[in-house]
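Peer 1: Just so you know, our numbering puts 338 at position 296 of the sequence shown, and the rest follows in order with no gaps.
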Amino acid sequence: MPNKYYPWIISLRPKTLVLSLCAILMGNALAYWNWCFDPLIMLLSIITASLLQILSNLANDYGDAIKGSDRQNLNGHKRGLQLGLITLNQLKKALWINTFLCILFGLTLIYLACNNIYEILSFILLGILSIIAAITYTIGKKPYGYIGLGDLSVLIFFGLISVAGSYYLQSKTLPMPIILPALGCGLLSVAVLNINNLRDIDSDKMNHKRTLVVLMGKDRGRVYHLLLLVSSLCSFSMFSYNYLNPRWGWLFMLSLPLLIEHIYAVFHFKTAKDAFPLLLQMVKLALLINLLYCLGIILS
């Protein structure tokens with residue numbers, strides 16, 4: 043019999059917090075490399091980004107529930123709402139509470155990190171856009187997660203904005219080369235989403251959820267996954283070659299054998315059940331690659 047916290051734990055999806063954590067660590071590692079680092083700002087950035095990720099997870103469950111998309115889930119990855127352990131009203135209250143916490147910690151971060159009204163207004167706008175993006179992924183009349191735009195959103199918010207934004211909050215500068223590790227980090231997050239969509243392609247088709255994989259088909263989705271990973275490594279490599287110490291800047295390549303094994307498995311899995319371990323594997327790989335890259339940046 044699950045305890046009272048179990049339905050909320052599985053609904054919050056703690057494993058997905060790795061993605062927001064990686065992006066914030068990447069931005070802060072780059073700031074440390076540039077001799078600009080405040081641990082309090084990093085901590086508040088991690089908390090705020092994690093709350094936004096949780097908001098997205100809860101909103102995803104809520105949106106799928108009110109559209110009925112979770113009733114014909116073929117793959118059995120059930121959340122608290124689907125198991126009947128959380129009511130729709132409770133989930134709605136949790137969304138409001140989480141939104142309040144996002145605003146509270148976000149404003150605290152902005153107050154401590156921003157020096158002028160232009161920075162304050164810019165980050166408030168980014169915060170509002172992040173909250174809207176988290177909620178409208180599956181909620182609303184035309185949720186963008188149902189029309190193939192989820193991948194682009196993940197790239198923007200879990201790559202470009204998170205890495206560049208956390209770097210700027212520390213350094214108050216935004217050099218163009220930062221876009222390379224930001225892209226590398228974001229593409230790994232998109233790869234995690236892509237495995238999820240490859241696994242769910244049949245149930246998504248049934249529920250008229252037009253993810254990018256549904257639009258392109260499973261075979262092209264596998265090739266797309268390969269391109270995401272190769273592009274991520276290329277982005278990291280370009281920054282390492284041009285800016286990092288060659289002794290440490292290539293530490294992330296230690297993950298290459300595991301990546302090759304993962305790619306082979308992606309091209310050969312048959313059923314949604316077979317894809318379940320690949321999703322967790324991709325999350326672990328994203329964490330490993332990002333941590334190795336952050337370590338290489340710090341040691342450089």
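All C-beta atoms in this analysis are idealised placements derived from N, C-alpha and C, irrespective of residue type, glycine included.
Looking only at its chain, what residues have a beta carbon closer than 7 Å to the beta carbon of Cys-64, apart from the 5 residues adjacent to it on each side?
Peer 2: Within the sequence shown, numbered from 1, the residue matching residue 64 stands at position 22. Closer than 7 Å at Cβ, skipping near neighbours: Cys-227, Ala-328, Leu-329, Asn-332.
Peer 1: Leaving out five residues on either side along the sequence, give the residues of the same chain with a beta carbon under 7 Å from the beta carbon of Asp-80.
Peer 2: By 1-based counting over the sequence shown, the position of residue 80 is 38. Around Asp-80: Gln-212.
Peer 1: Quick one, are the C-beta atoms of Leu-300 and Ala-176 less than 8 Å apart?
Peer 2: By 1-based counting over the sequence shown, the position of residue 300 is 258. By 1-based counting over the sequence shown, the position of residue 176 is 134. No, these two residues do not count as a Cβ contact at 8 Å.
Peer 1: Can you give me the C-alpha to C-alpha distance between Leu-322 and Thr-313, rounded to a whole angstrom?
Peer 2: Mapped onto the sequence shown, residue 322 falls at position 280. Mapped onto the sequence shown, residue 313 falls at position 271. Cα to Cα, Leu-322 sits roughly 16 Å from Thr-313.
Peer 1: Please report the distance separating the alpha-carbon of Leu-137 from that of Ile-174.
Peer 2: Here residue 137 corresponds to residue number 95 of the sequence shown, with the count starting at 1. Here residue 174 corresponds to residue number 132 of the sequence shown, with the count starting at 1. Those two C-alpha atoms are separated by around 12 Å.
Peer 1: Where are the alpha helix (DSSP H) runs, 4 residues long or more, that stay fully inside the stretch 225-281, in chain order?
Peer 2: The stretch 225-281 contains these whole alpha helix (DSSP H) runs: 243-248, 254-258.
Peer 1: Alpha helix (DSSP H) containing Lys-184: first to last residue?
Peer 2: Here residue 184 is taken as the residue at index 142 of the sequence shown, counted from 1. No alpha helix (DSSP H) holds Lys-184; DSSP gives it neither H nor E.
Peer 1: Any chance the CB of Ser-172 is under 7 Å from a heavy atom of the ligand PLP?
Peer 2: Absent from the structure shown: the ligand PLP. Ligands present: none.
Peer 1: If distances are taken between C-alpha atoms only, which option among Pro-217, Asp-244, His-267 comes closest to Phe-281?
Peer 2: Here residue 281 is taken as the residue at index 239 of the sequence shown, counted from 1. Among Pro-217, Asp-244, His-267, the Cα nearest to that of Phe-281 belongs to Pro-217.
Peer 1: Would you call the stretch 236-254 and the stretch 184-192 touching, i.e. three or more CB-CB distances under 8 Å?
Peer 2: Yes: at least three Cβ pairs fall under 8 Å.
Peer 1: For Ala-73, tell me which candidate among Phe-294, Arg-241, Tyr-210 has the shortest Cα-Cα distance.
Peer 2: Here residue 73 corresponds to residue number 31 of the sequence shown, with the count starting at 1. Comparing Cα-Cα distances from Ala-73 to each of Phe-294, Arg-241, Tyr-210, the minimum goes to Tyr-210.
Peer 1: Helix, strand or coil: which one does DSSP assign to Tyr-160?
Peer 2: Taking the first residue of the sequence shown as position 1, residue 160 is located at position 118. Note: Tyr-160 maps to helix in three-state DSSP.
Peer 1: Which residues mark the beginning and the end of the alpha helix (DSSP H) in which Lys-315 is found?
Peer 2: What you label residue 315 is simply residue 273 of the sequence shown in a count that begins at 1. Where Lys-315 is concerned, the enclosing alpha helix (DSSP H) stretches over 314-341.
Peer 1: Helix or strand or just coil, what does DSSP make of Leu-116?
Peer 2: Here residue 116 is taken as the residue at index 74 of the sequence shown, counted from 1. Note on Leu-116: pLDDT 48, under 50, position unreliable in the model; no value is reported.
Peer 1: Within 10 angstroms of its Cβ, does Lys-57 collect 16 or more other Cβ (buried), or is it exposed?
Peer 2: Counted from its first residue, the sequence shown places residue 57 at position 15. Burial call: exposed.
Peer 1: Taking DSSP as the reference, what is the three-state secondary structure of Asn-99?
Peer 2: Stepping through the sequence shown from its first residue, residue 99 is reached at position 57. Three-state DSSP puts Asn-99 in a helix.
Peer 1: What first and last residue would you give for the alpha helix (DSSP H) that runs through Met-68?
Peer 2: Taking the sequence shown and counting its residues from 1, one reaches residue 68 at position 26. Element bounds for Met-68: 59-75.
Peer 1: Helix, strand or coil for Lys-46, going by three-state DSSP, please let me know.
Peer 2: Counting from 1 along the sequence shown, the entry for residue 46 is found at position 4. Reduced to three states, the DSSP call for Lys-46 is coil.
Peer 1: State buried or exposed for Tyr-160, treating a residue as buried only when at least 16 other CB atoms are found within 10 Å of its CB.
Peer 2: Taking the first residue of the sequence shown as position 1, residue 160 is located at position 118. Its Cβ having fewer than 16 others within 10 Å, Tyr-160 is exposed.
Peer 1: Looking at Ser-87 and Leu-151, is the spacing between their C-beta atoms short of 8 Å?
Peer 2: Within the sequence shown, residue 151 is the residue found at index 109, counting from 1. Within the sequence shown, residue 87 is the residue found at index 45, counting from 1. Cβ distance < 8 Å, so Leu-151 and Ser-87 count as in contact.
Peer 1: Could you tell me the alpha carbon to alpha carbon distance between Ile-339 and Ile-128, rounded to whole angstroms?
Peer 2: Position 297 of the sequence shown, counted from the first residue, corresponds to residue 339. Position 86 of the sequence shown, counted from the first residue, corresponds to residue 128. Approximately 43 Å between the Cα atoms of the pair.
Peer 1: Less than 6 Å between C-beta atoms, sequence neighbours within five positions excluded: which residues of the same chain meet that for Leu-116?
Peer 2: Taking the sequence shown and counting its residues from 1, the one referred to as residue 116 is at position 74. Model confidence at Leu-116 stands at a pLDDT of 48, short of 50, so the residue's coordinates are unreliable and nothing is read from them.
Peer 1: Pair every Cβ in the stretch 236-243 with every Cβ in the stretch 261-270, then say whether three or more of these pairs are closer than 8 Å.
Peer 2: The stretch 236-243, when compared against the stretch 261-270, does touch it at the 8 Å Cβ threshold.
Peer 1: CA-CA distance, Ile-200 and Leu-225?
Peer 2: Your numbering for residue 200 matches position 158 in the sequence shown. Your numbering for residue 225 matches position 183 in the sequence shown. Note that residue 200 is Phe in the sequence shown here, rather than Ile. Whole-angstrom Cα-Cα distance: 9 Å.
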